[in-house]
Amino acid sequence: LHLHHSNRLEHLASLFASLVQVEPLPPFVPEKVVVQNAGMGRWLSLQLAQQQGIAADLAFLFPAEIVWELMRAVLGETVPLHDPCAPKLLRWRLLQAFLEQPERWRASLGHYLREGQEGNAWQLAQQLARVYDSYLFFRPDWIRSWEQGGGGADWQAQLWQAVVGDKALEHSVNLHQRFMRTLGPESRAELPARISFFSVPALSPAYIELVNQVAQHVDVHFFIMNPSDEYWGDIESEKRRIRFVPEEQAYISVGNPLLASWGRQGRDFIENLRNAEPYPQETGLFADPGDDTVLHRIQQDILNLAGETAGQRGEQPLVPSGRDDSLRIHACHSPTREVEVLYDQILAALEADGSLTPADIVVMSPEVGTYAPLIEAVFGGAAVELPFSIADQRYPGNHNLVAATRQLLALPQGRFEAESVFA
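This note's numbering puts the sequence shown at residues 744 to 1166.
Set out below in structure tokens:
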């Protein structure tokens, strides 16, 4: 198990490119790369092509996909080709349950399952499929309890038992223990030659346990966005620190307040990887951002785990100059106005810096679905067109007919896999 740390995504890409170049896999053996979303996979491909002139034979997978592939490689044909509890399949099973037995679920979900409102049932099925997927990932103990008859009157437990448990569908939770018992030296030939996790922000403890066992037989590399090159596995936010008794508070460090408050998930993820046995090999490639701007000062404090108390540097607080626009906050009265301001700011930045291109700009949002139509309207209808693409969209129900039609049209040119055709 190898852990590569950096506070710059570009440096992680360089580390990955060096690995691929220095330790190439045999010809025609794909490089398995696990990413959190398709946009990250595309960005890494472009970075690799820029650095090496070509990016080929890269197989990008999501965490659930690589785990299912590993289980199928070790456990063989007893594991279905596709995860029957993946959201894109489970949503149909949930919809079937709602339509076939509406009276059973109407007491708990009546406002979604009224007669003549099948569209609401479909939207509910889609949302619940994603919720159950998160339970499989982060709450496997709940799933095990439900399938053993636990949960009582909880409608979520009853729905899972009706849709999955009663049909004995295979999923990652009930395959996990069988995988751990079966995996051994003889499994090496069936496993991928190498697995790389690139900038995946978190994995469940069960996934980490599984990947660590696989790392006993093949090389597994984690390329981790780590904002600090100091050890920060034991820091706590001030809000959590004051919950301890006064005698213990003196031994609890806040480190950097922003990192302590906002970095708990990343902290726990890195610590779980570091606590794997045998201990992983670690490398780091960190860049000091300097302190010439407010943003760089914040990044430098996080990098050095500084800023716990006011005046820690022995200096006066940094007062931004009139020309320092590295960190800006725009208060807008509506989402539409937010997107309009965003467009104006991007256009101004491109005009001010001739070396800047649209490919250098990333816009992040916690709710892509809310802003996607507004982005298309504002950016698509502007007098000065800016190229853009929107990643990680969850399409509404009216796009499913289009997707199904495309799949049907693609069948003559593809393989007629029974599970795909009847899914």
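Glycine included, each C-beta is placed from N, C-alpha and C at the ideal position.
For residue 748 and residue 1029, the rounded distance between their alpha carbons: Numbered from its first residue, the sequence shown carries residue 1029 at position 286. Numbered from its first residue, the sequence shown carries residue 748 at position 5. Near 8 Å, if we compare the C-alpha coordinates of residue 748 and residue 1029.
Sequence ranges, alpha helix (DSSP H) only - wholly within the stretch 911-945, length at least 4: 915-925
Give the straight-line distance between the Cα atoms of residue 1053 and residue 986, rounded to the nearest whole angstrom. By one-based count along the sequence shown, residue 1053 stands at place 310. By one-based count along the sequence shown, residue 986 stands at place 243. With a pLDDT of 49 at residue 1053, under the threshold of 50, the predicted position of this residue should be treated as unreliable, and no value is reported.
For the structure I just gave you, are there three or more beta carbon pairs, one from the stretch 748-758 and one from the stretch 917-926, closer than 8 Å? no
Where residue 1122 sits in the DSSP three-state scheme: The residue given as residue 1122 occupies position 379 in the sequence shown. Looking at residue 1122 - three-state DSSP - the assignment turns out to be helix.
Range covered by the beta strand (DSSP E) that runs through residue 1026: Taking the first residue of the sequence shown as 1, we reach residue 1026 at position 283. Taken as a continuous stretch (DSSP letters only), the beta strand (DSSP E) holding residue 1026 covers 1024-1027.
On the CB-based measure, 16 or more other CB atoms within 10 Å of its CB, does residue 993 come out buried or exposed? By 1-based counting over the sequence shown, the position of residue 993 is 250. Exposed.
Using a Cβ-Cβ cutoff of less than 6 Å, which residues in the same chain neighbour residue 890 once the five nearest sequence positions on both sides are dropped? Reading the sequence shown from its first residue, position 147 is the one you call residue 890. So the list reads 908, once near-sequence residues are dropped.
DSSP on residue 748, reduced to helix/strand/coil? Sequence index remark: in the sequence shown, residue 748 carries index 5 (1-based). Residue 748: strand per DSSP, three-state reduction.
Please state whether DSSP places residue 1073 in a helix, a strand or coil. In the sequence shown, the residue the question calls residue 1073 occupies position 330. In this structure, residue 1073 counts as coil in the three-state DSSP scheme.
Exposed or buried, which one is residue 771 when buried takes at least 16 other CB atoms within 10 Å? Locating residue 771 in the sequence shown gives position 28, counting from the first residue. Classification of residue 771: exposed, given that the 10 Å Cβ count is below 16.
Residue 1006, buried or exposed, once every other Cβ within 10 Å from all chains shown has been counted against 16: Along the sequence shown, one-based indexing puts residue 1006 at 263. Classification of residue 1006: buried, given that the 10 Å Cβ count is 16 or more.
State the Cα-Cα distance for the pair residue 980 and residue 777, rounded to the nearest angstrom. Here the question's residue 980 lines up with position 237 in the sequence shown. Here the question's residue 777 lines up with position 34 in the sequence shown. Distance between the alpha carbons of residue 980 and residue 777 is about 31 Å.
DSSP state of residue 1141, grouped into three classes? Here residue 1141 corresponds to residue number 398 of the sequence shown, with the count starting at 1. With a pLDDT of only 49 at residue 1141, under the threshold of 50, the placement of this residue in the model should not be trusted, and no figure is reported.
In whole angstroms, give me the CA-to-CA distance for residue 796 and residue 941. For the purposes of this step, residue 796 is taken as residue 53 along the sequence shown, with counting starting at 1. For the purposes of this step, residue 941 is taken as residue 198 along the sequence shown, with counting starting at 1. Computed Cα separation, rounded: 20 Å.
Check residue 1135 in the structure and name its three-state DSSP category. As a working mapping, residue 1135 is identified with position 392 in the sequence shown. Three-state DSSP puts residue 1135 in coil, outside helix and strand.
Name the DSSP bridge partner or partners of residue 802? Sequence index remark: in the sequence shown, residue 802 carries index 59 (1-based). 775, per the DSSP bridge assignment.
Residue 968 (DSSP reduced to helix, strand or coil): The residue you call residue 968 lines up with position 225 of the sequence shown. Of the three classes helix, strand and coil, the one that applies to residue 968 here is strand, per DSSP.
Apart from the five residues just before and just after residue 802, which ones in its own chain have a Cβ nearer than 6 Å to its Cβ? Here residue 802 refers to the residue found at position 59 when the sequence shown is read from its first residue. 773, 775.
Which of helix, strand or coil DSSP assigns to residue 1053: Against the sequence shown, residue 1053 aligns to sequence position 310. Caution is warranted here: a pLDDT of 49 is assigned to residue 1053, below 50, making its placement in the model unreliable, and no coordinate value can be reported.
Entirely enclosed alpha helix (DSSP H) segments - the stretch 830-870, minimum 4 residues: 830-843, 845-852
Cα-Cα separation, residue 799 to residue 961: Mapped onto the sequence shown, residue 799 falls at position 56. Mapped onto the sequence shown, residue 961 falls at position 218. For residue 799 and residue 961, the distance between alpha carbons rounds to 21 Å.
Only counting the same chain, and skipping five residues up and downstream in sequence, which positions put a Cβ closer than 6 Å to that of residue 873? One-based indexing of the sequence shown puts residue 873 at position 130. These residues qualify, in order along the chain: 830.
Taking DSSP as the reference, what is the three-state secondary structure of residue 962? For the purposes of this step, residue 962 is taken as residue 219 along the sequence shown, with counting starting at 1. Here residue 962 sits in strand by DSSP.
Range covered by the alpha helix (DSSP H) that runs through residue 995: Here the question's residue 995 lines up with position 252 in the sequence shown. Taken as a continuous stretch (DSSP letters only), residue 995 belongs to no alpha helix (DSSP H), as it is neither H nor E.
Taking the alpha-carbon of residue 939 as reference, which of 762, 1131, 1023 has the nearest alpha-carbon? Counting from one through the sequence shown, the residue named residue 939 turns up at place 196. When each option's Cα is compared against that of residue 939, the closest is 762.
Quick one: what's got a C-beta closer than 8 Å to residue 856's C-beta in the same chain, skipping five residues either side? Working through the sequence shown from its first residue, we reach residue 856 at position 113. Once the five neighbours on either side are set aside, the close Cβ partners of residue 856 are 841, 845, 848, 849, 863, 864, 867.
Could you check how far apart the C-beta atoms of residue 1014 and residue 1050 are, in whole angstroms? I think they sit under 8 Å. Translated into the one-based positions of the sequence shown, residue 1014 becomes position 271. Translated into the one-based positions of the sequence shown, residue 1050 becomes position 307. With a Cβ gap of about 21 Å, residue 1014 and residue 1050 do not count as contacting.
Note down, in chain order, each residue of its chain lying with its Cβ closer than 6 Å to the Cβ of residue 1103, except the 5 sequence neighbours on either side. Position 360 of the sequence shown, counting from 1, holds the residue named residue 1103. Same-chain partners within the cutoff: there are none.
Please determine, among 837, 877, 879, the residue with the shortest C-alpha to C-alpha distance to residue 869. Locating residue 869 in the sequence shown gives position 126, counting from the first residue. Ranking the options by Cα distance to residue 869, first place goes to 837.
Please look up how many angstroms separate the CB atoms of residue 1118 and residue 1082, rounded, as I've assumed it's under 8 Å. On the sequence shown, position 375 is the one that residue 1118 refers to. On the sequence shown, position 339 is the one that residue 1082 refers to. Yes, they are in contact, since the Cβ atoms of residue 1118 and residue 1082 sit about 6 Å apart, within 8 Å.
Alpha carbon to alpha carbon, how far is residue 807 from residue 926? Give it in angstroms, no decimals. What you label residue 926 is simply residue 183 of the sequence shown in a count that begins at 1. What you label residue 807 is simply residue 64 of the sequence shown in a count that begins at 1. So the two alpha carbons sit approximately 18 Å from each other.
C-alpha distance - residue 883 paired with residue 1010, whole-angstrom precision: Working through the sequence shown from its first residue, we reach residue 883 at position 140. Working through the sequence shown from its first residue, we reach residue 1010 at position 267. C-alpha separation (whole angstroms): 21 Å.
Residues near residue 970 in its chain [Cβ-Cβ closer than 6 Å; skip 5 each side]: Here residue 970 refers to the residue found at position 227 of the sequence shown. Here the set comprises 750, 1045.
Assigned secondary structure, residue 874 (DSSP; H/G/I helix, E/B strand, else coil): Within the sequence shown, numbered from 1, the residue matching residue 874 stands at position 131. If DSSP states are grouped into helix, strand and coil, residue 874 belongs with the helices.
Going by Cα to Cα distance, which pick from 929, 923, 978 is closest to residue 954? The residue given as residue 954 occupies position 211 in the sequence shown. Of the listed residues, the one whose Cα sits closest to residue 954 is 923.
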